[in-house]
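Numbering (our numbering), first residue to last: -19 to 309.
Single-structure report; data block below.
Laid out in structure tokens, this is it:
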């Protein structure tokens, strides 16, 4: 199950017009990267819960996946319960619709089967516990408790919850009767109180970014661009690569400094300079003499002639988010 019903408030203003799972990351929406990853590992039965801009997701994926609409949000766990009939009697995977990851699902399932608990949570060692929900566990990786964004000196663990879960269908026996229901506030504390075993699965060897904020979205985009996150469905990435997709028109005297990724049907005016890392989304127009560095230009955006865009996420309404450049212009 892909969780796709959220409002994506931390990604505004992008999510004023798009549901969070449809926010573009390089060549396709983040949720499309998830679906491609699952299908590449043999998972073809996929359901997504919908609420915010549901038709945008339906129109993109069509009958590739199954949908369950929520007129009112049911909560992170309530939305999963609403799809209970879809899962049958086997363990099932739940993954956030904003997760950029190269998750090895088979390894995740192997951990779940070996531990024998009712749930298994993916976790990753984090550099700053203040930015994550921390999972406390024993030497056998059984979960003992949680801390929400603790100060480093108070943290009882250094692994953060990645929001990717495998559950046994018996998990629904521990749900309250009414919605909304939340994993962190309702279900996991109940499992701990009842001494029901559930465990962690470490994904330190892999990649995970929830692209839940504008800064994380840009960082995840650049990680694909440079090859830190390798996704076989994305072409033309790598630290030394300049990629221009089909239908793109490049003017005279345009300068590219890798890594640069340019999508389909982009127009780049004469004398423009793109200094990587730079991603230009499909259908964008880069004006003559424009200078773009360390930035993401979203699909359909026009950058004016002579404009200077540095360290930014740039959309149709202008600068969405900017940061101090990492080196001089």
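For glycine and all other residues, C-beta sits at the position ideal for the given N, C-alpha and C.
Check	Outcome
Give the straight-line distance between the Cα atoms of residue 113 and residue 103, rounded to the nearest whole angstrom.	10 Å
Thinking C-beta only, is residue 135 closer than 8 Å to residue 109?	yes
Would you say residue 243 and residue 279 are within 8 Å of each other, going by their C-beta atoms?	yes
Can you tell me whether DSSP reads residue 15 as helix, strand or coil?	helix
Once you ignore the five residues that flank residue 234 on each side, which residues in its own chain have a CB closer than 6 Å to its CB?	248 and 252
How do the region 175 to 193 and the region 220 to 234 stand: do at least 3 beta-carbon pairs fall below 8 Å, yes or no?	no
Where do the ends of the beta strand (DSSP E) carrying residue 250 lie?	Residue 250 -> no beta strand (DSSP E), and no H or E assigned at all.
Going by the DSSP bridge assignment, what does residue 224 pair with across the sheet?	242
What number of angstroms, rounded off, separates the C-alpha of residue 299 from the C-alpha of residue 250?	Because the pLDDT of residue 299 is 45, which lies under 50, any placement of that residue in the model is unreliable, and the question is left without a value.
Return the CA-CA distance between residue 92 and residue 256, expressed in angstroms with no decimal places.	41 Å
State the beta-bridge partners of residue 112 as determined by DSSP.	Bridge partners of residue 112: none, in fact.
Within 10 angstroms of the Cβ of residue 165, are there 16 or more other Cβ atoms? Answer buried if so, exposed if not.	exposed
Could you compute how far the alpha carbon of residue 121 sits from the alpha carbon of residue 180?	6 Å
Assign residue 275 to buried or exposed, taking buried as 16 or more other Cβ atoms, counted over all protein chains shown, within 10 Å of its Cβ.	buried
Go ahead and label residue 81 buried or exposed: buried means 16 or more other beta carbons lie within 10 angstroms of its beta carbon, across all protein chains shown.	buried
Alpha carbon to alpha carbon, what distance is there between residue -14 and residue 193?	13 Å
Between which residues of its own chain and residue 267 is the CB-CB distance below 8 Å, once the five residues before and five after are set aside?	249, 252, 282, 283, 284, 285, 286 and 287
Just the Cα atoms here: how many angstroms apart are residue 48 and residue 72?	16 Å
Where does residue -8 fall in DSSP's three states?	coil
Starting from residue 271, follow its DSSP beta bridges and name the residues at the other end.	253 and 288
Among the candidates 157, 264, 59 and 238, whose CA atom is the shortest distance from the CA of residue 245?	264
Would you say residue 6 and residue 241 are within 8 Å of each other, going by their C-beta atoms?	yes
Quick one, are the C-beta atoms of residue -18 and residue 55 less than 8 Å apart?	no
Could you please give the first and the last residue of the uninterrupted alpha helix (DSSP H) stretch that includes residue 40?	34 to 41
Go through its chain and collect everything with a Cβ distance to residue 270's Cβ below 6 Å, but skip five positions before and after it.	252, 283 and 287
Skipping 5 residues on each side, what residues in its chain have a beta carbon closer than 7 Å to that of residue 45?	15, 26, 27 and 28
What do you get for residue 129, buried or exposed, if any count of 16 or more other CB atoms within 10 angstroms of its CB means buried?	exposed
Helix or strand or just coil, what does DSSP make of residue 2?	helix
Taking the alpha-carbon of residue 229 as reference, which of 210, 262, 116 and 206 has the nearest alpha-carbon?	262
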